[in-house]
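Residue numbers (the working numbering): -12 to 272. Even glycine gets a Cβ: it sits at the ideal position worked out from N, Cα and C. Quick caveat: nothing in here was measured; it's all calculated off a predicted structure.
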Amino acid sequence: MNTLKIAIQKSGRLHDESIQILKDCGISVYNGNDQLKVTASNFPLEVYYLRNSDIPQYLIDGVVDIAIVGDNLLVEKGQNIQIAEKLGFSKCKVSVAVPKNFNYNSIQDLNGLRVATSYPKTVVDYFSSKEISVDIHQISGSVEIAPNIGLSDAIVDIVSSGSTLFKNGLKEVEVILKSEAVLAVSPQISEEAKQVVAKLQFRIQSVLRSRKSKYILMNVPNDKISEISKILPVLKSPTVMPLAEEGWSSVHSVIDEDKFWEVIDQLKEAGAEGILVCPIEKMVL
């Protein structure tokens, strides 16, 4: 089987979660010596540890087959790079922020002003779409300090919790785009490598489904099983097993974590008792 080459962030917010999802997929990657390239011991995969900003070009050039990156970076540097899977972690926003004392009413207030950013293309595209002219100052790091030192009137940067903006006396005023980690594919990937990507993607999808779901089991009076079954958003149908106590059964199913408390309330009202909820490690369909 062809060895698949994947790029992940060498360090930073995406690194740990990228390694974790590979681990959850049963792929063993050991990098105790901080090497830039490591081969997995139990899957045809080579992991390249790269600077985040360099990853799109490695994909474009075909140096790596796939990568785990933030889709905001693909908007900035990776046009025509296909997204195979949204991974649901490292969620953030690319936002416009101004000093707290800036009397901001609309994006038009920034017309003709200076904007500091590490995402010049994203900024140009956004402000051009609004027919607003700004003076872009491209800097590679510590963008949030730019207004405080007189370099810019506003910034465009990644925002996660907003604490960095708060610490630097800034406020978020516009969201340009929302981002999360994605599995991106090189436009030069070979047909053989695509087959390995399909195997990896199958594992990733199983892990992602399990993260969004919970295994639930409960005790239900037999005359309430039909009503309870209608509440449960099951894959096919719930599992029903008789209990030692006559007239009762144990009902097992899977529920979506996003609807967890809503479903639990409905189950209790319908007569379910002794409800237990367990995490799911993998979920293969």
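Proximity of residue i and residue j at Cβ, strictly below 8 Å
| i | j | result |
| --- | --- | --- |
| residue 73 | residue 167 | yes |
| residue 260 | residue 205 | yes |
| residue 225 | residue 238 | yes |
| residue -7 | residue 56 | no |
| residue 92 | residue 31 | no |
| residue -9 | residue 183 | yes |
| residue 77 | residue 196 | no |
| residue 133 | residue 142 | yes |
| residue 36 | residue -3 | yes |
| residue 43 | residue 60 | yes |
| residue 269 | residue 194 | yes |
| residue 169 | residue 11 | no |
| residue 242 | residue 203 | yes |
| residue 211 | residue 258 | yes |
| residue 40 | residue 27 | no |
| residue 94 | residue 80 | no |
Whole-angstrom C-beta distance between residue j and residue i, which should lie under 8 Å
| i | j | result |
| --- | --- | --- |
| residue 97 | residue 119 | 6 Å |
| residue 146 | residue 121 | Between residue 121 and residue 146 the Cβ distance is about 18 Å, and since that is not below 8 Å, they are no contact. |
| residue 84 | residue 162 | With 8 Å as the limit, residue 84 and residue 162 do not qualify as a contact, their Cβ atoms being about 10 Å apart. |
| residue 54 | residue 180 | That pair is no contact at about 13 Å. |
| residue 144 | residue 100 | That pair is no contact at about 16 Å. |
| residue 244 | residue 201 | 6 Å |
| residue 262 | residue 254 | 6 Å |
With 16 other Cβ atoms within 10 Å as the buried cut-off, status of residue i
| i | result |
| --- | --- |
| residue 105 | buried |
| residue 153 | exposed |
| residue 265 | exposed |
| residue 189 | exposed |
| residue 109 | buried |
| residue 185 | exposed |
| residue 199 | exposed |
| residue 63 | buried |
| residue -5 | buried |
| residue 191 | buried |
| residue 150 | exposed |
| residue 113 | buried |
| residue 65 | buried |
| residue 250 | buried |
| residue 82 | buried |
| residue 136 | exposed |
| residue 148 | exposed |
| residue 240 | buried |
What runs of the beta strand (DSSP E), each 3 residues or longer, lie entirely inside the region 13 to 101?
-> Taken in chain order, the complete beta strand (DSSP E) segments of 3 or more residues contained in the region 13 to 101 are 24 to 26, 32 to 37, 53 to 57, 69 to 73 and 79 to 86.
Stretch-stretch touch, CB-based, cutoff 8 Å, three pairs: the region 141 to 157 with the region 229 to 237 = No: fewer than three Cβ pairs fall under 8 Å.
Touch test, the region 205 to 219 against the region 168 to 180, Cβ-Cβ under 8 Å, three pairs minimum = As far as the Cβ criterion goes, the region 205 to 219 does not touch the region 168 to 180, which means the pair count is below three.
At 4 residues or longer, and completely inside the region 216 to 268: list those alpha helix (DSSP H) runs for me, N to C.
-> Qualifying alpha helix (DSSP H) stretches, in chain order: 247 to 256.
Counting pairs of beta carbons, one from the region 6 to 18 and one from the region 41 to 54, are three or more of them closer than 8 Å?
-> As far as the Cβ criterion goes, the region 6 to 18 does not touch the region 41 to 54, which means the pair count is below three.
Just list the beta strand (DSSP E) runs in the region 161 to 185, keeping only unbroken ones of 3 residues or longer that don't cross its boundaries, in chain order.
-> Positions of the beta strand (DSSP E) runs, each at least 3 residues long and wholly inside the region 161 to 185, are given as 168 to 172 in order along the chain.
Quick one: complete beta strand (DSSP E) runs, 3+ long, within the region 124 to 165?
-> Counting whole runs of 3 or more residues, the region 124 to 165 contains the beta strand (DSSP E) stretches 141 to 146.
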